[in-house]
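Trainee:
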Amino acid sequence: MLVLSTQSLIPERDGDAEAPIISPVISGAIETLDQGLQFLTRITDAQYGYDAQPYLSSSIGQHFRHWLDIFHALFQEGSHVDYNQRRRGHEVETQRQIAIEEILYFIERLKTTKTSDLIAPVVIATEVSLKKSKVCLMSSTFERELTFAALHANHHFAMAKVVTTLLAIETSDDFGLAPATATFIRGQ
């Protein structure tokens, strides 16, 4: 049986009684974005664009462009989120600084997102078939899609970690770990 919880709607203050109240979903997304930002400051442009075939078919830059596209779709004006809009071949795939600037932009947007905005309804458009072009429209909320965007970024961080491992570059132990995996490792 699936039990729905309203815990995500309960705001928190991150330990500082004077700090503004922030949703766990927003703080988690900011944490994910910051993890990506810290990672980018520790690699070079050459490493960002490294072709790791046959192990992976995409560079770190291509992985970052992909998950950033998800955030771009989510933060478009209006209540329509089109996950099929991609920027394949965009400079963000080869220029690490552009990815850094985009991450900083989304962190700032999230800092100004109200907890009440999280329950806003959205309609998502996404492809659902490999064999033929089939776009489905689905109802969701901004909160659900922000959670998806952060978890999707985390998945691509794991792919980026494969590349850095191939290049013998150390990353933080928790880079690319899903929140549920981190909880399991902590034994909570």
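The opening position of the sequence shown corresponds to residue 1 in the UniProt record's numbering, with each subsequent residue numbered one higher.
Here a beta-carbon is modelled for each residue, glycine too, at the ideal position from N, C-alpha and C.
Could you work out which residue in Val122, Lys161, Thr171 is closest to Gly78 when comparing CA atoms only?
Mentor: The count along the sequence shown starts at 1 and reaches residue 78 at position 78. Ranking the options by Cα distance to Gly78, first place goes to Val122.
Trainee: Run the CB neighbour count on residue 222, radius 10 Å, all protein chains shown included, and call it buried at 16 or more, exposed below.
Mentor: In the structure displayed, the chain extends from 1 to 188; residue 222 sits before or after that span and is not available.
Trainee: Quick check on Gln7: does DSSP put it in helix, strand or coil?
Mentor: Walking along the sequence shown from the start, residue 7 turns up at place 7. Residue placement at Gln7 is poorly supported in this model, since its pLDDT is 42, which falls under 50; the coordinates still yield a value, given next. Correct three-state label for Gln7: helix.
Trainee: Buried or exposed for Arg186, going by 16 or more other Cβ atoms inside 10 Å?
Mentor: Here residue 186 refers to the residue found at position 186 of the sequence shown. By the 10 Å Cβ count, Arg186 comes out exposed.
Trainee: Just mark Leu104 as buried or exposed, buried being the case when its beta carbon has 16 or more other beta carbons within 10 Å.
Mentor: To locate residue 104, count along the sequence shown from 1; it is residue 104. Label assigned to Leu104: exposed.
Trainee: Can you say whether His80 is buried or exposed, counting buried as having 16 or more other CB atoms within 10 angstroms of its CB?
Mentor: The residue given as residue 80 occupies position 80 in the sequence shown. Looking at its Cβ environment, which holds fewer than 16 other Cβ atoms inside 10 Å, His80 is exposed.
Trainee: Identify the residues that DSSP records as bridge partners of Glu127: which are they?
Mentor: The count along the sequence shown starts at 1 and reaches residue 127 at position 127. Answer is Val135, bridged to Glu127.
Trainee: Spatial neighbours of Leu167 within its chain, please: CB distance less than 7 Å, with the 5 preceding and 5 following residues excluded, ordered by chain position.
Mentor: Numbered from its first residue, the sequence shown carries residue 167 at position 167. Here the set comprises Gln47, Tyr50.
Trainee: Can you check DSSP and say which residues form a bridge with Val25?
Mentor: As a first step, residue 25 must be located in the sequence shown, where it is residue number 25. Val25 is not bridged to any residue.
Trainee: I need the boundaries of the alpha helix (DSSP H) containing Asp69, first residue and last residue.
Mentor: Numbered from its first residue, the sequence shown carries residue 69 at position 69. Its alpha helix (DSSP H) spans residues 60-74.
Trainee: Between which two residues does the beta strand (DSSP E) harbouring residue 189 extend?
Mentor: The displayed coordinates of the chain run from 1 to 188. Any statement about residue 189 would go beyond what the structure contains.
Trainee: By how many angstroms is the C-alpha of Glu101 removed from the C-alpha of Lys111?
Mentor: Locating residue 111 in the sequence shown gives position 111, where the first residue counts as 1. Locating residue 101 in the sequence shown gives position 101, where the first residue counts as 1. The alpha-carbon atoms of Lys111 and Glu101 are separated by roughly 15 Å.
Trainee: Regarding His63 and the ligand ZN, is the C-beta to nearest heavy atom distance less than 6 Å?
Mentor: Absence of the ligand ZN is noted for the structure shown, with no ligands found whatsoever.
Trainee: Measuring alpha carbon to alpha carbon, tell me which residue in Lys132, Leu146, Thr41 is nearest Lys114.
Mentor: Against the sequence shown, residue 114 aligns to sequence position 114. Among Lys132, Leu146, Thr41, the Cα nearest to that of Lys114 is on Leu146.
Trainee: Buried or exposed for Val135, going by 16 or more other Cβ atoms inside 10 Å?
Mentor: Walking along the sequence shown from the start, residue 135 turns up at place 135. The residue is exposed, with fewer than 16 neighbouring Cβ atoms inside 10 Å.
Trainee: Could you give the DSSP three-state label for Pro179: helix, strand or coil?
Mentor: Locating residue 179 in the sequence shown gives position 179, counting from the first residue. Helix at Pro179.
Trainee: To the nearest angstrom, report how far apart Tyr83 and His66 are at their CA atoms.
Mentor: By 1-based counting over the sequence shown, the position of residue 83 is 83. By 1-based counting over the sequence shown, the position of residue 66 is 66. Roughly 10 Å separates the two Cα atoms.
Trainee: I'd like to confirm the pairing. Which residues does DSSP put opposite Ser140 in its beta bridges?
Mentor: Taking the first residue of the sequence shown as 1, we reach residue 140 at position 140. Answer by DSSP bridge pairing, in chain order: Val122.
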